[in-house]
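S.K.: Before I ask anything, let me first share the structure, which is written out below as structure tokens.
Residue numbers (our numbering): 303 to 573.
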């Protein structure tokens, strides 16, 4: 009787090894990608940033605390703008410090809502100062996210976007000689999400100076569009209205101009 049981067990093991069903792969996919050290490092960095942000908020008057809320809808943003207008006018330095700290914190830890912060900059500070604030904060936050990903990001990005990461790595490898132009194209156009670019760039060995310059310059067109929309916040009906067909066409046209040197060089090589 022992022999049949062994044969059955062997067949069950072989079946288990060859089982490619989603249920068989599910435990592997659901495994958290960060080990204990990486998770502890992420928590420590988050704690340091949170402590700094909390200390900045303590400098604000108690009356302003009730108005503090990360906007999630245009209605929230309009209310926040009305509540903070007076404080921003009376305490510009304190407000800008709190605004910049919040924006960079959100960008570093991939917290949704930075587009509302960009709209708020336009509504409160106008076009020129609004663009300067948005580009500075977006670049600083993206750079901070870059170094955080360099520290612990590889297993997380590989876990979340394996196919997209392989595609990005192959594209970067093909464009090493004109990498700045390619990164500018990605920043200007919505070809890849900025969140993915921030996290994946250090993993595929994009040099930081290239990443920084492409971010600083490439985010200007989108910042201009968002800040200008913030001036007419009352007329804005949906976030989707920011990027209609005309706006996307302009962004892709600017992005195409940024990669013209790469295309011309490739043409000369083939000739």
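Heads up, the beta-carbon is just placed ideally off N, CA and C, and yes, glycines get one too.
(1) Whose C-alpha, out of 377, 375, 370 and 349, is nearest the C-alpha of residue 390?
(2) With a threshold of 16 other CB atoms inside 10 Å of the CB of residue 327, please say whether the residue is buried or exposed.
(3) May I ask you to verify whether the segment 477 to 488 touches the segment 537 to 544, counting CB pairs closer than 8 Å and requiring at least 3?
(4) According to DSSP, is residue 506 helix, strand or coil?
(5) Quick one: give me the first and last residue of the alpha helix (DSSP H) that residue 455 is part of.
(6) Report the rounded CA-to-CA distance for residue 378 versus residue 547, giving the unit in angstroms.
(7) In chain order, what residues of the same chain lie with their CB nearer than 7 Å to the CB of residue 557, ignoring the 5 residues before and after it?
(8) My assumption, with CB atoms under 8 Å, is that residue 529 sits in contact with residue 442. Please give the rounded CB distance.
(9) Can you check the segment 333 to 389 for any alpha helix (DSSP H) of at least 4 residues that lies completely inside it and give the ranges in chain order?
M.R.: Working from what's here:
(1) What you label residue 390 is simply residue 88 of the chain shown in a count that begins at 1. When only C-alpha atoms are compared, the closest one is 370.
(2) Reading the chain shown from its first residue, position 25 is the one you call residue 327. Reliability of the predicted coordinates at residue 327 is poor, the pLDDT of 42 falling under 50, and the value obtained from them is presented with this limitation in mind. A residue is called buried when at least 16 other Cβ atoms come within 10 angstroms of its Cβ; residue 327 does not meet this threshold and is exposed.
(3) Too few Cβ pairs lie closer than 8 Å, so no.
(4) Position 204 of the chain shown, counted from the first residue, corresponds to residue 506. Correct three-state label for residue 506: coil.
(5) Here residue 455 refers to the residue found at position 153 when the chain shown is read from its first residue. From DSSP, the alpha helix (DSSP H) with residue 455 extends over 416 to 462.
(6) Against the chain shown, residue 378 aligns to sequence position 76. Against the chain shown, residue 547 aligns to sequence position 245. Going from the Cα of residue 378 to the Cα of residue 547 covers about 26 Å.
(7) Against the chain shown, residue 557 aligns to sequence position 255. Excluding residues within five positions, the ones whose Cβ falls inside 7 Å are 487, 490 and 491.
(8) Counting from 1 along the chain shown, the entry for residue 529 is found at position 227. Counting from 1 along the chain shown, the entry for residue 442 is found at position 140. So it is not a contact: roughly 17 Å between Cβ atoms.
(9) Within the segment 333 to 389, the runs of alpha helix (DSSP H) that reach at least 4 residues and sit entirely inside it are, in chain order, 338 to 360 and 364 to 367.
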